[in-house]
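J.: Input: one structure, supplied below.
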Amino acid sequence: MTDAMSGPRGAKPKKALSRNNIIVYGTLFVVAIYYALPLYVMIVTSLKGMPEIRMGNIFAPPMEVTFQPWVKAWAEACTGINCDGLSRGFWNSVRILIPSVVISISVASVTGYVLSMWKFKGSEVFFSMLMIGAFIPYQVMLYPIVILLREAGLYGSLSGLVLVHLAFGMPINTLLFRNYFASIPEELFKAARVDGAGFWAIFVKIVMPMSLPIFVVSMIIQVTGIWNDFLFGVTYISSPDRYPMTVQLNNIVNSVQGVKEYNVNMAATLLTGLVPLVIYFASGKLFVRGIAAGAVKG
Amino acid sequence: MSHSVQIKSLDLQFGAVKVLKNLNLDIHEGEFLVLLGSSGCGKSTLLNCIAGLLEPTDGQIWIKGKNVTWAEPSERGIGMVFQSYALYPQMTVKGNLSFGLKNAKVPKAEIDKRVARAAEVLQIEALLDRKPGALSGGQRQRVAIGRALVRDVDVFLFDEPLSNLDAKLRADLRVELKRLHNQLENTMIYVTHDQVEAMTLADRIAIMKGGNIMQLGTPDEIYNRPQNIYVADFIGSPSMNFIEGQYSNGVFSKGELSLPMTGYEYVAPKTADRGATIGIRPEHVITGELVSGAPVKVEVDVDIVEPMGSDTLVWAHLAGKPFRIRMDGSARVSAKERLTIGIDPSRASLFDTKTENRL
Amino acid sequence: MAIADTGSTDRQLAAGARRPNRLFKNLNSKIAAIPMIFVAMVVFLGGTCWTIFYSFTKSGLLPNTNFVGLDQYERLWSSRKWMVSIENLGIYGFFSLIGTLVIGFTLAALLDRKIRGEGAFRTIFLYPFALSFIVTGLVWQWILNPELGLQNVVREWGWTSFTFDPLNNPDIVMFGLLIAGLWQGTGLIMCIMLAGLRGIDEDIWKAARVDGIGTVKTYVRIIIPMMRPVFVTSLVLIGSGIVKLYDLVVAQTSGGPGISSEVPAKYVMTAMFGGQNLGQGFAASTMMLLMVGIILIPWAYLEFGGKKRG
Ligand SMILES: Nc1ncnc2c1ncn2[C@@H]1O[C@H](COP(=O)(O)OP(=O)(O)OP(=O)(O)O)[C@@H](O)[C@H]1O
Ligand SMILES: [Mg+2]
Numbered sequence: 001m002t003d004a005m006s007g008p009r010g011a012k013p014k015k016a017l018s019r020n021n022i023i024v025y026g027t028l029f030v031v032a033i034y035y036a037l038p039l040y041v042m043i044v045t046s047l048k049g050m051p052e053i054r055m056g057n058i059f060a061p062p063m064e065v066t067f068q069p070w071v072k073a074w075a076e077a078c079t080g081i082n083c084d085g086l087s088r089g090f091w092n093s094v095r096i097l098i099p100s101v102v103i104s105i106s107v108a109s110v111t112g113y114v115l116s117m118w119k120f121k122g123s124e125v126f127f128s129m130l131m132i133g134a135f136i137p138y139q140v141m142l143y144p145i146v147i148l149l150r151e152a153g154l155y156g157s158l159s160g161l162v163l164v165h166l167a168f169g170m171p172i173n174t175l176l177f178r179n180y181f182a183s184i185p186e187e188l189f190k191a192a193r194v195d196g197a198g199f200w201a202i203f204v205k206i207v208m209p210m211s212l213p214i215f216v217v218s219m220i221i222q223v224t225g226i227w228n229d230f231l232f233g234v235t236y237i238s239s240p241d242r243y244p245m246t247v248q249l250n251n252i253v254n255s256v257q258g259v260k261e262y263n264v265n266m267a268a269t270l271l272t273g274l275v276p277l278v279i280y281f282a283s284g285k286l287f288v289r290g291i292a293a294g295a296v297k298g
Numbered sequence: 299m300s301h302s303v304q305i306k307s308l309d310l311q312f313g314a315v316k317v318l319k320n321l322n323l324d325i326h327e328g329e330f331l332v333l334l335g336s337s338g339c340g341k342s343t344l345l346n347c348i349a350g351l352l353e354p355t356d357g358q359i360w361i362k363g364k365n366v367t368w369a370e371p372s373e374r375g376i377g378m379v380f381q382s383y384a385l386y387p388q389m390t391v392k393g394n395l396s397f398g399l400k401n402a403k404v405p406k407a408e409i410d411k412r413v414a415r416a417a418e419v420l421q422i423e424a425l426l427d428r429k430p431g432a433l434s435g436g437q438r439q440r441v442a443i444g445r446a447l448v449r450d451v452d453v454f455l456f457d458e459p460l461s462n463l464d465a466k467l468r469a470d471l472r473v474e475l476k477r478l479h480n481q482l483e484n485t486m487i488y489v490t491h492d493q494v495e496a497m498t499l500a501d502r503i504a505i506m507k508g509g510n511i512m513q514l515g516t517p518d519e520i521y522n523r524p525q526n527i528y529v530a531d532f533i534g535s536p537s538m539n540f541i542e543g544q545y546s547n548g549v550f551s552k553g554e555l556s557l558p559m560t561g562y563e564y565v566a567p568k569t570a571d572r573g574a575t576i577g578i579r580p581e582h583v584i585t586g587e588l589v590s591g592a593p594v595k596v597e598v599d600v601d602i603v604e605p606m607g608s609d610t611l612v613w614a615h616l617a618g619k620p621f622r623i624r625m626d627g628s629a630r631v632s633a634k635e636r637l638t639i640g641i642d643p644s645r646a647s648l649f650d651t652k653t654e655n656r657l
Numbered sequence: 658m659a660i661a662d663t664g665s666t667d668r669q670l671a672a673g674a675r676r677p678n679r680l681f682k683n684l685n686s687k688i689a690a691i692p693m694i695f696v697a698m699v700v701f702l703g704g705t706c707w708t709i710f711y712s713f714t715k716s717g718l719l720p721n722t723n724f725v726g727l728d729q730y731e732r733l734w735s736s737r738k739w740m741v742s743i744e745n746l747g748i749y750g751f752f753s754l755i756g757t758l759v760i761g762f763t764l765a766a767l768l769d770r771k772i773r774g775e776g777a778f779r780t781i782f783l784y785p786f787a788l789s790f791i792v793t794g795l796v797w798q799w800i801l802n803p804e805l806g807l808q809n810v811v812r813e814w815g816w817t818s819f820t821f822d823p824l825n826n827p828d829i830v831m832f833g834l835l836i837a838g839l840w841q842g843t844g845l846i847m848c849i850m851l852a853g854l855r856g857i858d859e860d861i862w863k864a865a866r867v868d869g870i871g872t873v874k875t876y877v878r879i880i881i882p883m884m885r886p887v888f889v890t891s892l893v894l895i896g897s898g899i900v901k902l903y904d905l906v907v908a909q910t911s912g913g914p915g916i917s918s919e920v921p922a923k924y925v926m927t928a929m930f931g932g933q934n935l936g937q938g939f940a941a942s943t944m945m946l947l948m949v950g951i952i953l954i955p956w957a958y959l960e961f962g963g964k965k966r967g
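Chains as they are written, first to last, in our numbering: chain A, 1 to 298; chain B, 299 to 657; chain C, 658 to 967.
Pasting the structure below:
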């Protein structure tokens with residue numbers, strides 16, 4: 001797989017500062033401001049004190065930098081009866097994230113391996129159904145899953161939520177792995193079988209070492225997807241002290257009681273966005289490749 | 299002679315498409331058998347069936363007297379070498395060679411011994427710690443052969459192992475394979491669509507077409523006594539000249555051309571009259587000074603002359619049909635010339651036009 | 658196509674080969690596929706059928722099998738909140754579709770002009786996609802805050818009559834959501850479009866130059882028609898994203914002011930988990946499924962039905 005984005009192409013470059021160039025760069029620049037602005041606003045607001053915010057210019061840089069809002073958002077902000085800040089949601093999210101990502105990548109990679117190298121009668125049918133399922137609005141399946149989880153005694157618990165993430169992360173990840181493994185030459189697989197390697201040996205010793213990039217891509221998709229989830233968190237977690245970070249953030253910011261502390265809110269918002277942002281800026285091209293691969297389904 | 303691999307009425311279909319049709323083949327112990335045929339005729343499919351990588355729809359496969367039709371590839375005592383080499387990219391050469399042995403739980407000392415011996419035979423000792431990515435095509439193919447070699451198998455399967463190499467390397471490795479076969483005396487089944495490889499390497503050649511074996515025989519038989527028009531046409535370059543005509547009373551005739559088939563070895567002792575096709579190889583046409591001693595002399599009109607160095611290919615007309623003649627490179631012929639040639643019926647092939655089988 | 662020769666199995670058995678049991682053949686791969694089969698059959702298919710089935714019942718706090726025919730659907734379509742939701746989704750969907758495609762393609766085309774700093778621009782356009790809708794909604798809620806946000810800043814700059822307060826104005830609240838939604842989602846479409854543009858043979862550009870066709874005209878007449886599959890993919894992505902619109906509304910407006918920014922997904926959630934009105938929730942979610950079907954079935958027909966004919 002080569003990255004389709006590498007290197008500029010298209011028509012030949014115009015001379016510097018031609019009229020066309022001014023239009024192109026001008027447009028890009030203005031649009032870039034629209035995209036960059038919210039991040040900037042989040043940062044500056046979170047570093048201001050409330051009096052300064054009330055003075056009213058949200059775009060102005062802080063005159064006096066304070067980290068108090070961050071401390072408060074992390075450790076003191078209240079939701080309901082708990083006043084230990086977003087840290088609680090953060091750790092809940094971590095506790096949901098790690099098993100979800102590990103298990104779903106393991107399961108999806110093995111499923112993709114089955115679908116590309118060990119097809120059996122009907123495997124393609126199940127896969128098609130899985131892919132169609134990816135387009136069904138989640139709302140349609142929410143309540144039946146409540147029942148399933150309740151039957152299993154997992155409704156309301158973090159493990160229940162992990163299972164839900166496993167199920168809904170499956171289509172995209174399976175697709176990703178299946179397509180990647182399908183590009184491994186068939187003869188390699190045949191050679192390994194002649195060499196006496198079985199189902200698991202081929203997967204662990206031949207396929208996995210060849211596929212590290214796709215494992216990273218899948219991990220990026222899963223981490224951002226699960227971290228950013230709100231719907232499942234709010235549906236399948238019954239008690240506020242187990243809420244994932246997004247749900248807790250929304251409860252903090254949109255709570256009707258008390259005076260609005262915009263700086264704390266923005267610090268909390270930034271804190272919640274930090275994990276996916278770090279992943280995004282650290283992974284660069286792989287992130288792009290992941291979403292492009294995920295987007296071009298089937 | 300004992301049997302090494304026996305294929306009994308093998309059928310294989312992908313969905314509704316029959317790729318192998320009631321195929322029978324007996325391969326002798328220590329034989330070098332080449333499967334030759336045009337693209338898509340089912341050579342790889344047959345080889346994969348023997349290896350256990352594809353399940354036949356029907357029929358049986360026996361190796362060394364055991365029915366292995368449903369056995370796992372690794373249980374069959376076969377080693378396989380692929381066209382694309384199929385080396386495990388993340389393992390060193392040594393890792394590639396020992397992978398099969400490790401799966402078979404061979405003790406480490408034994409693995410080292412066998413790897414060292416295979417590396418010596420194939421002259422790849424210096425490469426053992428490299429990854430396949432750092433090897434040349436020829437070196438990769440040696441490693442691929444080595445992977446089969448270390449496992450001490452009864453039967454080697456090759457699927458067009460040389461076709462990704464350049465011409466010179468191909469010729470070198472061909473000789474090496476022959477040497478290897480002489481040294482190891484294993485049974486080898488070798489798929490190719492290169493005639494030169496087939497003729498030089500094979501003890502016997504099986505010519506395949508559309509999932510059937512058209513002829514199984516030594517290179518000499520295949521070349522000199524093709525059993526049907528397909529084989530006759532397939533083997534030889536430039537290919538055989540065919541003239542469709544009549545056979546009656548020991549004489550083949552077409553228009554003014556009349557060839558008494560004296561000295562021709564018939565398949566059946568008494569051959570009835572019928573529509574027949576005669577096949578004459580371009581290189582079997584008698585030219586130059588030898589014409590005077592030829593059993594039959596005919597005149598042809600030369601159309602085009604293609605000098606190729608060592609020999610010259612002449613395109614002419616005989617009995618209204620294009621007719622190719624291969625002459626010595628030193629022969630001087632020019633277009634539009636009338637040329638007298640000689641034909642030796644004992645070296646020609648005669649076929650029934652309807653059944654296309656040899657008479 | 659010929660029908661497979663059924664006589665061969667008999668001969669097979671007569672041949673006495675130790676043919677392994679069909680079921681246990683490839684057993685490892687079948688075991689490994691169990692999670693996929695479970696998710697596809699039980700969760701997706703089973704869940705969907707279950708919900709459709711119970712949408713015809715009078716389920717309230719708990720699901721029950723008290724059948725009421727199409728009652729739930731009648732109630733749904735006579736509910737003002739649902740009508741507002743559908744209308745909102747229509748407005749949001751229409752402008753989001755057009756906006757995302759236009760902005761996404763324009764940005765991709767600009768970035769494809771061999772410009773300097775392409776990587777930096779791309780990073781800036783795409784980072785919102787990494788953020789959750791909750792974060793997106795909360796930031797834009799703050800930026801669009803009438804007293805302290807954008808409106809106030811512009812007024813302070815001297816344009817004292819400037820009014821831009823979509824989150825408190827029922828008429829334009831959907832556009833407030835749209836600004837945030839576009840901000841979050843256009844980067845993805847831009848990336849897909851850019852990949853599509855990069856996939857186009859550079860000789861096309863040379864040919865267009867030789868023929869003297871202008872840049873914009875080349876894009877409109879030649880490039881865009883060539884990118885049909887990319888546009889279809891984008892359309893499907895945007896479309897299925899629109900139907901799912903929920904978190905953004907919850908975070909940015911909570912459906913307000915009043916019920917003026919309600920959307921179907923939120924209606925379902927309220928009915929199921931807030932209103933103890935499961936039947937309504939099931940009926941509404943079945944309607945959502947229907948909407949997705951209306952988007953996807955023509956696409957599936959064009960994509961997969963077309964291939965067979967071609
Ligand atoms: N997995 C498959 N599904 C359906 N048809 C197949 C499959 N594999 C091979 N075929 C068909 O079976 C026929 C024989 O294929 P095979 O690979 O054995 O040919 P081959 O003789 O090895 O050709 P080549 O010289 O090109 O390698 C071909 O017509 C091919 O299209
Ligand atoms: Mg082949």
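Every residue, glycine too, gets a C-beta built ideally from N, C-alpha and C.
Quick one: which residues of the region 194-208 of chain A get their C-beta closer than 7 Å to a C-beta of chain B? List them in chain order.
T.: Listed by position, the residues of the region 194-208 of chain A near chain B (Cβ gap below 7 Å) are V194, D195, G196, A197, A201, I206.
J.: Within 8 Å, do at least three Cβ pairs link the region 488-506 of chain B to the region 458-470 of chain B?
T.: Touching, yes.
J.: What span of residues does the alpha helix (DSSP H) with Y658 (chain B) cover, start to end?
T.: Examination of residue 658 (chain B) is not possible in this model, given that chain B is present from 299 through 657 alone.
J.: Which residues in chain A sit within 8 Å of W840 (chain C), going by Cβ to Cβ distance?
T.: The residue you call residue 840 (chain C) lines up with position 183 of the third sequence. Y34, Y35, P38, listed in chain order.
J.: If distances are taken between C-alpha atoms only, which option among B:G577, B:Q513, B:R622 comes closest to L331 (chain B)?
T.: Position 33 of the second sequence, counted from the first residue, corresponds to residue 331 (chain B). It is B:Q513.
J.: Around the Cβ of T367 (chain B), are there at least 16 other Cβ atoms within 10 angstroms (buried) or fewer (exposed)?
T.: Here residue 367 (chain B) is taken as the residue at index 69 of the second sequence, counted from 1. When all chains shown are included, T367 (chain B) counts as buried.
J.: So the beta strand (DSSP E) M506 (chain B) belongs to, where does it begin and stop?
T.: Working through the second sequence from its first residue, we reach residue 506 (chain B) at position 208. Segment 502-507, the beta strand (DSSP E) holding M506 (chain B).
J.: According to DSSP, is D195 (chain A) part of a helix, a strand, or is it coil?
T.: Start at 1 with the first residue of the first sequence, and residue 195 (chain A) comes out as number 195. It is coil, neither helix nor strand.
J.: Relative to the alpha-carbon of Y35 (chain A), which residue among C:F961, C:L746, C:G842 has its alpha-carbon at the smallest distance?
T.: Indexing the first sequence from 1 puts residue 35 (chain A) at position 35. Cα-wise, what sits closest to Y35 (chain A) is C:G842.
J.: Skipping 5 residues on each side, what residues in its chain have a beta carbon closer than 6 Å to that of K552 (chain B)?
T.: Counted from its first residue, the second sequence places residue 552 (chain B) at position 254. Counting only Cβ-Cβ distances below 6 Å, and skipping sequence neighbours, we find I541, G543, A617.
J.: Relative to the C-alpha of I220 (chain A), which candidate in A:L175, A:V288, A:G153 has its C-alpha closest?
T.: Translated into positions along the first sequence, residue 220 (chain A) becomes position 220. Nearest C-alpha to I220 (chain A): A:V288.
J.: At a threshold of 7 Å, does K341 (chain B) count as lining ligand 1 (C-beta to nearest heavy atom)?
T.: By one-based count along the second sequence, residue 341 (chain B) stands at place 43. Within the cutoff, so yes.
J.: What are the residues of the region 394-422 of chain B that lie near chain A, defined by any Cβ-Cβ distance shorter than 8 Å?
T.: So the close ones are F397, G398, N401, A402.
J.: Tell me which residue opens and which closes the alpha helix (DSSP H) that S100 (chain A) is part of.
T.: In the first sequence, counting from the first residue as 1, residue 100 (chain A) sits at position 100. That run of the alpha helix (DSSP H) goes 87-117.
J.: Would a C-beta distance cut-off of 8 Å place I252 (chain A) and Y243 (chain A) closer than the cut-off?
T.: Translated into positions along the first sequence, residue 252 (chain A) becomes position 252. Translated into positions along the first sequence, residue 243 (chain A) becomes position 243. No, Cβ-Cβ distance for I252 (chain A) and Y243 (chain A) is not below 8 Å.
J.: Does the region 717-737 of chain C come into contact with the region 931-951 of chain C, if we say contact requires no fewer than three beta-carbon pairs (one atom in each stretch) closer than 8 Å?
T.: Yes, the region 717-737 of chain C touches the region 931-951 of chain C.
J.: Return the CA-CA distance between D531 (chain B) and Q481 (chain B), expressed in angstroms with no decimal places.
T.: One-based indexing of the second sequence puts residue 531 (chain B) at position 233. One-based indexing of the second sequence puts residue 481 (chain B) at position 183. Rounded to the nearest angstrom, the two C-alpha atoms are 34 Å apart.
J.: Sort out for me which residues DSSP pairs T490 (chain B) with in a bridge.
T.: On the second sequence, position 192 is the one that residue 490 (chain B) refers to. Partner(s): B:L334.
J.: How long is the line joining the alpha carbons of D828 (chain C) and S736 (chain C), rounded to whole angstroms?
T.: As a working mapping, residue 828 (chain C) is identified with position 171 in the third sequence. As a working mapping, residue 736 (chain C) is identified with position 79 in the third sequence. If you take the alpha carbons of D828 (chain C) and S736 (chain C), they lie about 20 Å apart.
J.: Beta-carbon within less than 6 Å of N265 (chain A)'s beta-carbon, same chain only, minus the 5 sequence neighbours each way: which residues are those?
T.: Counted from its first residue, the first sequence places residue 265 (chain A) at position 265. Excluding residues within five positions, the ones whose Cβ falls inside 6 Å are V253.
J.: Quick check on N20 (chain A): buried or exposed, where buried means 16 or more other Cβ atoms within 10 Å of its Cβ?
T.: Here residue 20 (chain A) corresponds to residue number 20 of the first sequence, with the count starting at 1. Exposed, because fewer than 16 other Cβ atoms sit within 10 Å of the Cβ of N20 (chain A).
J.: Quick one: which residues of the region 873-888 of chain C get their C-beta closer than 7 Å to a C-beta of chain A? List them in chain order.
T.: Listed by position, the residues of the region 873-888 of chain C near chain A (Cβ gap below 7 Å) amount to none.
J.: Can you tell me which residues form a DSSP beta bridge with H326 (chain B)?
T.: Counting from one through the second sequence, the residue named residue 326 (chain B) turns up at place 28. The partner list for H326 (chain B) (beta bridge, DSSP) reads B:H301.
J.: When you measure from the CB of E370 (chain B) to every non-hydrogen atom of ligand 2, does any distance come out below 7 Å?
T.: Residue mapping note: residue 370 (chain B) aligns to position 72 of the second sequence, counting from 1. No.
J.: Check each candidate in C:L767, C:S686, C:F713, C:N683 and name the one with the smallest Cα separation from V30 (chain A).
T.: For the purposes of this step, residue 30 (chain A) is taken as residue 30 along the first sequence, with counting starting at 1. Minimum Cα distance to V30 (chain A) is reached at C:L767.
J.: Report yes if the C-beta of E458 (chain B) is less than 7 Å from at least one heavy atom of ligand 2; otherwise report no.
T.: Locating residue 458 (chain B) in the second sequence gives position 160, where the first residue counts as 1. Yes.
J.: What residues match up with A574 (chain B) in a beta bridge as DSSP calls it?
T.: Residue mapping note: residue 574 (chain B) aligns to position 276 of the second sequence, counting from 1. Note: A574 (chain B) sits in a beta bridge opposite B:G543, B:D650.
J.: For F380 (chain B), would you say it is in contact with chain A, using Cβ-to-Cβ distances shorter than 8 Å as the test?
T.: As a working mapping, residue 380 (chain B) is identified with position 82 in the second sequence. Yes, its Cβ sits closer than 8 Å to a Cβ of chain A.
J.: Which value, in whole angstroms, describes the spacing of the CA atoms of L305 (chain A) and V102 (chain A)?
T.: Past the edges of chain A, shown from 1 to 298, lies residue 305 (chain A), and the structure says nothing about it.
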